[in-house]
Ligand code: PHE
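See below:
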């Protein structure tokens with residue numbers, strides 16, 4: 004008997020599925036990546052572009068992944084094979100690869116977050132926040148906390164869908180939301196924070212006009228990354244779903260939460276930074292850590308806020324990490340009939356190893372391998388993965404997709420066709436343009452930063 008004939012797990016409740024998807028979506032992408040992209044790509048000009056992409060690309064793309072998952076009840080590889088035939092399973096293979104890459108550096112950053120969480124209890128980061136970051140970002144500490152973060156992720160995924168992931172997210176996601184809202188309200192009371200709101204919320208169209216070549220791919224990549232699209236997470240999560248859910252409604256809820264949390268992060272981070280006299284963070288993966296730790300050291304009750312902020316941050320990162328690992332684990336379990344805990348342990352170990360260079364290699368303290376992995380995965384691979392699934396579904400299997408979406412909704416009417424045509428032309432076109440620009444950007448990164456670094 005192949006493993007596909009055995010009984011597959013499913014979510015216990017509707018809330019379980021939605022919370023798991025929100026937990027996946029809300030993570031480092033919202034709290035670490037989003038503010039640093041905003042800082043790097045021209046503040047609110049980026050914000051505007053990003054919101055536009057969330058609606059134009061994120062929503063239709065999420066619906067595509069959900070229909071594929073629920074239709075097939077398979078892991079990402081099996082799902083694409085079932086819909087597209089054997090050749091398409093390699094696209095699923097690409098997803099597995101992306102999962103490996105993203106989780107490997109995600110976990111290193113998750114480790115930093117754990118470390119900062121601990122640091123807020125001891126006041127560890129208050130003296131010199133930049134020196135502190137450089138000390139822990141690479142080297143032994145980074146490796147140790149990368150291992151701890153990975154072990155937590157493995158522990159939850161090994162327990163399975165209902166007992167592991169669903170239970171975890173039911174605790175995790177509400178606490179993240181409550182703490183975020185609390186911090187955002189607190190931020191309003193900060194003297195000197197107003198400038199932060201201005202920087203964040205008043206779009207500068209000149210920047211958009213002159214910098215669109217980097218803003219467009221960054222915003223498209225960020226839209227995919229933050230919604231966990233383009234690598235099969237939403238396919239996998241929807242594969243544990245029963246037929247009667249309204250997928251459009253669920254997508255709306257999930258995207259609403261994710262976007263809300265991203266916007267809220269900006270409403271916390273920027274006033275904090277300006278109130279502490281730091282200003283918009285310098286671009287770069289470490290910026291948010293250095294700047295926030297600096298801010299927490301400056302303002303009243305900073306360390307208490309630090310405990311709340313980094314605690315919430317760690318939980319958010321963990322609930323995304325479990326979804327990344329689940330994509331790979333469900334593949335091993337479905338396709339090879341592997342025992343879940345064993346598969347989870349082995350895969351988790353492999354991903355840990357891939358993260359070792361990220362944790363150890365530094366360019367004068369700067370964890371440079373993160374950029375190497377992150378730009379490749381988020382701006383290039385996720386977008387390629389996304390384009391391929393969109394083509395498969397919208398061009399070759401539109402009827403099947405419409406049929407699947409209509410379950411739990413009823414007649415779709417013209418909206419169903421609008422969805423398919425939105426994906427067929429504008430979504431795919433924007434993604435292709437972003438991909439081209441991202442290749443150029445990555446080439447520049449490699450030739451201007453990475454190759455000179457490697458060759459000393
Ligand atoms: N969406 C997650 C975040 O914002 C990251 C992620 C990307 C998770 C891709 C799964 C897949 O942090």
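In this note's numbering, the protein residues as written are 4 to 459.
Each residue gets a CB set at the ideal place from its N, CA and C atoms; glycine is no exception.
Give the straight-line distance between the Cα atoms of residue i and residue j, rounded to the nearest whole angstrom.
| i | j | result |
| --- | --- | --- |
| residue 316 | residue 383 | 26 angstroms |
| residue 460 | residue 28 | Outside the shown range of the chain, which is 4 to 459, sits residue 460, and nothing can be said about it. |
| residue 138 | residue 401 | 52 angstroms |
| residue 123 | residue 327 | 28 angstroms |
| residue 422 | residue 79 | 22 angstroms |
| residue 236 | residue 330 | 6 angstroms |
| residue 282 | residue 374 | 23 angstroms |
| residue 58 | residue 227 | 11 angstroms |
| residue 7 | residue 433 | Only weak support exists for where residue 7 lies, its pLDDT of 47 falling under 50; the value from the coordinates is given anyway. Rounded to whole angstroms, residue 7 to residue 433 spans 37 angstroms at the Cα level. |
| residue 198 | residue 26 | 31 angstroms |
| residue 41 | residue 336 | 39 angstroms |
| residue 426 | residue 399 | 12 angstroms |
| residue 437 | residue 98 | 19 angstroms |
| residue 84 | residue 103 | 20 angstroms |
| residue 451 | residue 177 | 43 angstroms |
| residue 255 | residue 23 | 14 angstroms |
| residue 333 | residue 397 | 25 angstroms |
| residue 455 | residue 358 | 22 angstroms |
| residue 69 | residue 238 | 5 angstroms |
| residue 253 | residue 77 | 20 angstroms |
| residue 173 | residue 19 | 7 angstroms |
| residue 112 | residue 385 | 19 angstroms |
Could you tell me if the beta carbon of residue i falls within a distance shorter than 7 angstroms of some heavy atom in the ligand PHE?
| i | result |
| --- | --- |
| residue 32 | yes |
| residue 322 | no |
| residue 291 | no |
| residue 268 | no |
| residue 463 | Missing from the structure shown is residue 463; the chain here goes from 4 to 459 and no further. |
| residue 245 | no |
| residue 64 | no |
| residue 28 | yes |
| residue 262 | no |
| residue 1 | With the chain running from 4 to 459 in the structure shown, residue 1 is simply not present. |
| residue 229 | yes |
| residue 354 | no |
| residue 105 | yes |
Across which residues does DSSP place residue i in a beta bridge pair?
| i | result |
| --- | --- |
| residue 366 | 369 |
Looking at the secondary structure, which residues open and close the alpha helix (DSSP H) in which residue i lies?
| i | result |
| --- | --- |
| residue 65 | 62-75 |
| residue 393 | 385-393 |
| residue 301 | 290-301 |
| residue 35 | Unbroken run through residue 35: none, as it is neither H nor E. |
| residue 180 | 170-191 |
| residue 409 | 401-409 |
| residue 334 | 305-339 |
| residue 246 | Unbroken run through residue 246: none, as it is neither H nor E. |
| residue 202 | 197-204 |
| residue 237 | 236-241 |
| residue 85 | 79-87 |
| residue 281 | Note, residue 281: premise wrong, no alpha helix (DSSP H); not H, not E. |
| residue 166 | Looking at the DSSP string, residue 166 is not in any alpha helix (DSSP H), and its letter there is neither H nor E. |
| residue 133 | 132-140 |
| residue 447 | 431-448 |
| residue 379 | No alpha helix (DSSP H) holds residue 379; DSSP gives it neither H nor E. |
| residue 214 | 208-229 |
| residue 46 | Note, residue 46: premise wrong, no alpha helix (DSSP H); not H, not E. |
Should residue i be counted as a contact of the ligand NAD given a C-beta to heavy atom distance under 7 angstroms?
| i | result |
| --- | --- |
| residue 216 | The ligand content of the structure shown is limited to the ligand PHE, which means the ligand NAD is not among them. |
Touching by the beta-carbon criterion (3+ pairs, under 8 angstroms), the stretch 355-370 and the stretch 265-281: no
Check whether the stretch 150-162 and the stretch 112-119 touch, using three or more Cβ-Cβ pairs below 8 angstroms as the test. yes
Would the stretch 54-73 and the stretch 201-210 be scored as touching if the rule is three or more Cβ pairs under 8 angstroms? By the Cβ rule, the stretch 54-73 does not count as touching the stretch 201-210, because fewer than three pairs are nearer than 8 angstroms.
Kindly confirm or deny that the stretch 224-239 and the stretch 313-333 touch, where touching means at least three C-beta pairs closer than 8 angstroms. yes
Are there three or more Cβ pairs, one per stretch, closer than 8 angstroms when the stretch 64-83 is compared with the stretch 242-257? yes
Is it the case that the stretch 191-199 contacts the stretch 28-37, given that we only count it when at least three CB pairs across the two stretches are under 8 angstroms? By the Cβ rule, the stretch 28-37 does not count as touching the stretch 191-199, because fewer than three pairs are nearer than 8 angstroms.
Taking 8 angstroms as the threshold, find out whether the stretch 401-414 comes into contact with the stretch 367-384 through three or more Cβ pairs. no
Are there three or more Cβ pairs, one per stretch, closer than 8 angstroms when the stretch 59-70 is compared with the stretch 40-50? no
Okay, do the stretch 299-313 and the stretch 123-134 touch, 3+ Cβ pairs below 8 angstroms being the bar? yes
Within 8 angstroms, do at least three Cβ pairs link the stretch 7-21 to the stretch 158-165? yes
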